[in-house]
Amino acid sequence: MRSKTEIIMAMYGVDNFDDYFQVEGRDWDSTESPPLEQWIKFPLPYQAAGSPARPTAQEFDTAMIENKLTKNIGTRQVCRIGNMVVKRGVCGSFLQEAENLLYIEKHTQVRAPKLYHAYIEDYTTPDGKTYAVKYLAMEYMEGLNLNAFEFKDMDEKDQLQIAASIGQQLQLLRSIPSEGYYGRVHHQGFQPRTTFLRTRCRDMLGPYE
Numbered sequence: 003m004r005s006k007t008e009i010i011m012a013m014y015g016v017d018n019f020d021d022y023f024q025v026e027g028r029d030w031d032s033t034e035s036p037p038l039e040q041w042i043k044f045p046l047p048y049q050a051a052g053s054p055a056r057p058t059a060q061e062f063d064t065a066m067i068e069n070k071l072t073k074n075i076g077t078r079q080v081c082r083i084g085n086m087v088v089k090r091g092v093c094g095s096f097l098q099e100a101e102n103l104l105y106i107e108k109h110t111q112v113r114a115p116k117l118y119h120a121y122i123e124d125y126t127t128p129d130g131k132t133y134a135v136k137y138l139a140m141e142y143m144e145g146l147n148l149n150a151f152e153f154k155d156m157d158e159k160d161q162l163q164i165a166a167s168i169g170q171q172l173q174l175l176r177s178i179p180s181e182g183y184y185g186r187v188h189h190q191g192f193q194p195r196t197t198f199l200r201t202r203c204r205d206m207l208g209p210y211e
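Going by our numbering, the letters in the sequence shown line up with residues 3 to 211, in that order.
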């Protein structure tokens with residue numbers, strides 16, 4: 003088995019962790035993502051039969067003021083529009099999430115939101131830069147956001163019921179037969195910035211046989 007020093011030398015061309023962190027940080031900030039066809043296999047734009055109308059960029063901007071669901075951190079924006087949760091961002095992982103939802107719907111009985119739309123639109127910022135922005139619209143499921151503090155304050159009976167419900171969903175996920183590789187659905191790799199696998203943030207990670 004290789005040592006950590008041997009690994010960072012092979013992957014990053016350095017022999018100490020101070021230099022590694024500098025190179026890794028530059029890669030994170032400057033490396034371009036792989037082309038779209040390496041992220042997903044389902045065709046875009048996607049629209050489910052009988053789905054609500056696809057939200058416009060203006061509707062999304064308005065909902066981010068009136069019905070925002072995300073905190074003021076990161077580059078991902080999430081809001082509620084009617085009976086839909088709509089996500090917007092530049093990372094291809096949005097589209098991977100859409101593909102995962104389609105796979106779950108087809109192969110399991112897991113209680114997951116229905117995917118309504120997945121598509122890409124150009125978005126131009128006030129300073130004139132244009133980005134290929136990914137949109138994901140799914141079913142809004144009624145419920146409460148449960149954090150550790152709220153869970154701690156619940157009665158033990160309620161805690162056990164929630165844990166049992168989560169366990170049931172995990173069992174349904176684990177009941178999907180293995181296809182003999184480690185990776186994403188349809189024999190695909192993970193995104194380049196996946197924390198526990200990433201090297202230079204340049205290529206898709208896997209699938210691993």
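Ideal Cβ positions, reconstructed from N, Cα and C, are used throughout, including at glycine.
In the three-state DSSP reduction, ASP160 falls in the helix class (H, G or I). THR58 and ALA139 have their C-alpha atoms roughly 11 Å apart. Of all C-beta pairs linking the stretch 149–156 to the stretch 76–95, fewer than three are shorter than 8 Å, placing the two stretches out of contact.
Within the stretch 117–205, the complete beta strand (DSSP E) runs of at least 3 residues fall at 117–126, 132–141.
Of all alpha-carbon atoms in LYS89, ALA114, THR196, the one lying nearest the alpha-carbon of LYS73 is that of LYS89. Short of 8 Å from the beta carbon of TRP30, and not among the five residues preceding or following it, lie these beta carbons of its own chain, in chain order: ARG195, CYS203. Per DSSP, LYS43 lies in no beta strand (DSSP E) and is assigned neither H nor E. Look at VAL25 here: in three-state DSSP terms it is helix. It is roughly 43 Å from the alpha-carbon of GLN171 to the alpha-carbon of GLY15. The C-alpha of TYR48 is placed about 12 Å away from the C-alpha of ILE42.
Put simply, the backbone Cα of LYS70 is about 9 Å away from that of THR64.
In this chain, the beta strand (DSSP E) harbouring MET86 covers 86–91. GLN79: member of the beta strand (DSSP E) spanning 79–83, first to last residue. Check the Cα spacing between TYR105 and each of HIS188, ILE10, PRO209: the tightest is with HIS188. Between the C-alpha atoms of LYS116 and GLU141 there is a straight-line separation of about 5 Å. By the CB criterion at 8 Å, PRO54 and MET3 fall outside the cutoff. For GLU99, the uninterrupted alpha helix (DSSP H) segment begins and ends at 95–109. The beta carbon of THR132 sits closer than 6 Å to the beta carbons of ASP124, THR126 from its chain, once the five residues preceding and following it are set aside; these are given in chain order. Excluding residues up to 5 positions away in sequence, nothing lies with its Cβ nearer than 8 Å to the Cβ of GLU8 in the same chain.
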